[in-house]
Amino acid sequence: MVAGSKIVPVILAGGSGTRLWPISRDSLPKQFLPLSTSGATLYQDTLQRVAPGDMFASPIIVTNEEFRFFAQRQAREIGIEPTVLLEPVRRDSAPALLAATLLAQQLHGEEATLLVLAADHVIGDTASFREACGKALAAAGLGHIVTFGITPTEPRTSYGYIRRGSALNGGSAARVEAFAEKPNAAMARDYVEAGYLWNSGNFLFPAHVMLEEAEGFEPEIVEAVRGAVASARSDLGFCRLGAEFRTAPSLSIDYAVLERTSRAAVVEGSFPWSDVGSWNAMREIAESDEAGNVTRGPVRVIDAANSYIHSEGPLVAAIGVEGLSVVATGDAVLVMPSERSEEVKHLVASLKAERRNEANEHPRCYRPWGSYETINLGGRFRVKKIIVDPGERLSLQRHHHRSEHWIVVHGTAEVTVGEEVFMVQENESTYIPLGAVHRLTNPGRIPLELIEVQVGSYLGEDDIVRLDDVYNRVESAPAVALP
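Using our numbering, the letters of the sequence shown map in sequence onto residues 152 to 634.
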């Protein structure tokens, strides 16, 4: 690292996170949800932890097409302008991280040092975290890839572990003697007694060291990623990786490099840390009442203990329960013993196998222009609430199978139907005939809210042909796409 240069944070924000279902789903995963005690999203908390300043440069965010506007807008909400790098397909963490490494070298020089963080972890002490980063930086300067190990508070079977070797840099870091996979309960106790650390999955390294190691172990990944970065292009403020990225083998950075390199080191972090990997973990990071309960949203409890109860809509009332996790949204309710929260991923897998919409889609679906949610659905009709953010607009589009009625309930809508453009105010409505070319725009400074009533023989979200779109979502042929 060049003297005086700053650490480049790289935040991996493309995961789909189903372990916190039904709140976290493929269409809106946990990193973009306000699940921490700060009231911000987990992603925003991560950004603020490494905000540009004396220690850190502007961050690089790695995500995908689905989440690009979440990543950009949530960063801007807290005054941070990141470089958002888009993967054309998901290829696990090794290709994503190596692409960010090459981009960091382009932006900050060959000697750049990177700090790679998951977007959805909770760290309870930012000062201690930054102190650990300083120790890791010193070890990285000796040519090491430095991971952050967490001092265990108890044996856990849900985390991987790290066995430390000989001391480095005066004892502030140590060589990694071995990485251990998630153990059973007995092995977890042995690991803690032997002084193992939890593997946080976050690490710091000189860019050239990571690339040298990756080229030695996985040259095919590096070749594909180099081509993808070389052919990357700018689009609406995002950096889109080239098609070569698709040819990269899918592999995690742990298997590709960290568990194979002789240059791995570890710095112990004494700060509170959680990967928020289960509903039980959500209860642990929150403040509980005298009976050990954590409640969020419209919840009432009587004679309950050691339970986590979370509602995103309906009132949830619990009497005489203990050790339960109860999570409710507008379209799903999860009830389970808290100790079995690791099994949620198996439940979601079964729902996906049954093609249940609740497995993937939120009741409220977010789009670059705002959001919508279905209020009622019948055989030949569908009722939605649509919110369009100030200054935003939907694509110019038409439908083959449905007509639409729009009723404005808040704000002002600019409506295009065919060649006609007109305004629709609160408590006014308009009609979009089947097949008509149309567009909806919010020209105002407050959110536009309207009720849309669809009527037709087919009401699927893929009955859209985009003709023009400010978000570059127009296909060369009639698209199977979302609004």
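Glycine included, every Cβ here is placed at the ideal spot set by N, Cα and C. Computed from a predicted model, the values in this text were never measured in an experiment.
Can you check whether the CB of I537 is closer than 7 Å to the CB of E603?
-> yes
Length at least 3, wholly inside the stretch 242-328: the beta strand (DSSP E) runs in chain order | 264-269, 296-301 and 312-319
Can you tell me whether DSSP reads D133 as helix, strand or coil?
-> An answer regarding residue 133 cannot be provided, because it is not within the stretch 152 to 634 covered by the chain.
Kindly say whether R314, judged by its beta-carbon, lies nearer than 7 Å to any beta-carbon of chain D.
-> Structure shown: chain D not included; a single protein chain is present.
Use the C-beta contact count for F389: other C-beta atoms within 10 angstroms, 16 or more gives buried, fewer gives exposed.
-> buried
Do G190 and P180 have their C-beta atoms closer together than 7 Å?
-> no
So, is T304 buried or exposed, given that buried needs 16 or more other C-beta atoms within 10 angstroms?
-> exposed
On the DSSP bridge assignment, give the partners of T398 in chain order.
-> The partner list for T398 (beta bridge, DSSP) is empty, contrary to what the question assumes.
Per-residue burial, Y342 [other beta carbons within 10 Å of its own, 16 or more giving buried] = buried
Which whole-angstrom value is the C-beta distance of E463 and A479, which I expect to be below 8 Å?
-> 7 Å
Buried or exposed: which applies to F573, given that a residue is buried once 16 or more other Cβ atoms fall within 10 Å of its Cβ?
-> exposed
Could you name the residues of the same chain whose beta carbon sits closer than 7 Å to that of V606, not counting the 5 residues immediately before and after it, in chain order?
-> R531, F532, R553 and S554
Sort out for me which residues DSSP pairs E359 with in a bridge.
-> Contrary to the premise, residue 359 reads as His rather than Glu in this sequence. H359 is not bridged to any residue.
To the nearest whole angstrom, what separates the beta carbons of G643 and A269, a pair I think is in contact under 8 Å?
-> Limits of the chain in this structure are 152 at one end and 634 at the other, which puts residue 643 out of reach.
Anyone know if the C-beta pair for A416 and L319 falls short of 7 Å?
-> yes
Note down the Cα distance separating L618 from T592, rounded to an integer number of angstroms.
-> 15 Å
Would you identify the three-state DSSP class for N350, choosing helix, strand or coil?
-> strand
Using three-state DSSP, classify V201 as helix, strand or coil.
-> coil
Inter-residue spacing [alpha-carbon to alpha-carbon] between N431 and A247 | 29 Å
Is it true that the stretch 577-585 meets the stretch 507-526, where meeting means three or more beta-carbon pairs spaced less than 8 Å apart?
-> no
Helix, strand or coil at Q225 according to DSSP, with G and I counted as helix | helix
For Q576, name the three-state secondary structure that DSSP assigns.
-> coil
Thinking D211 and A251 are a contact (beta carbons under 8 Å), I'd like their distance in whole angstroms, please.
-> Reading off the sequence, residue 211 comes out as Ile, not Asp. Yes, they are in contact, since the Cβ atoms of I211 and A251 sit about 5 Å apart, within 8 Å.
Other residues of its chain near K503: CB distance less than 8 Å, five sequence neighbours each side excluded = A510 and N511
For R518, the three-state DSSP class (helix, strand or coil) | strand
Which partner residues does Q195 have in the DSSP bridge list?
-> In DSSP, Q195 forms no bridge with anything.
Tell me which same chain residues have a C-beta within less than 6 Å of the C-beta of A290, skipping the five on either side of it?
-> V297, L319, N320, A324 and A416
Can you have a look at A628 and say buried or exposed, based on whether 16 or more other CB atoms are within 10 angstroms of its CB?
-> With a pLDDT of only 37 at A628, under the threshold of 50, the placement of this residue in the model should not be trusted, and no figure is reported.
Pull up the distance between the alpha-carbon of I229 and that of L193, whole angstroms please.
-> 13 Å
Taking the C-alpha atoms as reference points, what is the distance between A383 and R377?
-> 10 Å
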